[in-house]
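Below: one structure, written as structure tokens.
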Amino acid sequence: MQAQSFIATAFAPAQLSLLQEADPLIGPDGQPCLKAIRTQVFKKTQEQLATLFGVSASTYISWEKGRREPSGAARTLILMAFAKPKMVEQILSEMRDVEHVGRADASNPQVEMSMAM
Numbered sequence: 001m002q003a004q005s006f007i008a009t010a011f012a013p014a015q016l017s018l019l020q021e022a023d024p025l026i027g028p029d030g031q032p033c034l035k036a037i038r039t040q041v042f043k044k045t046q047e048q049l050a051t052l053f054g055v056s057a058s059t060y061i062s063w064e065k066g067r068r069e070p071s072g073a074a075r076t077l078i079l080m081a082f083a084k085p086k087m088v089e090q091i092l093s094e095m096r097d098v099e100h101v102g103r104a105d106a107s108n109p110q111v112e113m114s115m116a117m
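Numbering (UniProt numbering) for the sequence shown: 1 to 117.
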């Protein structure tokens, strides 16, 4: 993630330090700390959270370790997970369920027809 985040630029250094002490989900660079969000909020393994986010485990791990930066929709999803983790988890879980049902129902034209109505 970028060295200067929206959180880091919104607060003076002293304020950022206090914010980090108050919120362990914010890393030293002012960015949401993916590992803290994963372990303290979602309580999931890297692989489980990668699946929830719809990315490969290696992609998620590279984000968490800072080797790669998420961009676009992935970055937005992470910021949303930081702000409203339970809501994001519920929505993503429901989306995965719908996708799974949609794939299973695609082989059954009767179900596909009823879903279209």
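The beta carbon of each residue, even a glycine, is placed where N, CA and C say it ideally should be.
Only a predicted model underlies this, so the values are computations on that prediction, with no experimental measurement involved.
Do you know offhand how far LEU25's Cα is from THR51's?
21 angstroms
In this structure, does DSSP put PRO32 in helix, strand or coil?
strand
Near the ligand ATP: LYS43 beta-carbon under 6 angstroms from a heavy atom:
Absence of the ligand ATP is noted for the structure shown, with no ligands found whatsoever.
Provide the residue(s) that pair with ILE26 in DSSP beta bridges, ordered along the chain.
PRO32
What does a CB cutoff of less than 7 angstroms around PHE42 pick up in its chain, not counting 5 residues either side in sequence?
LEU49, PRO85, GLU89
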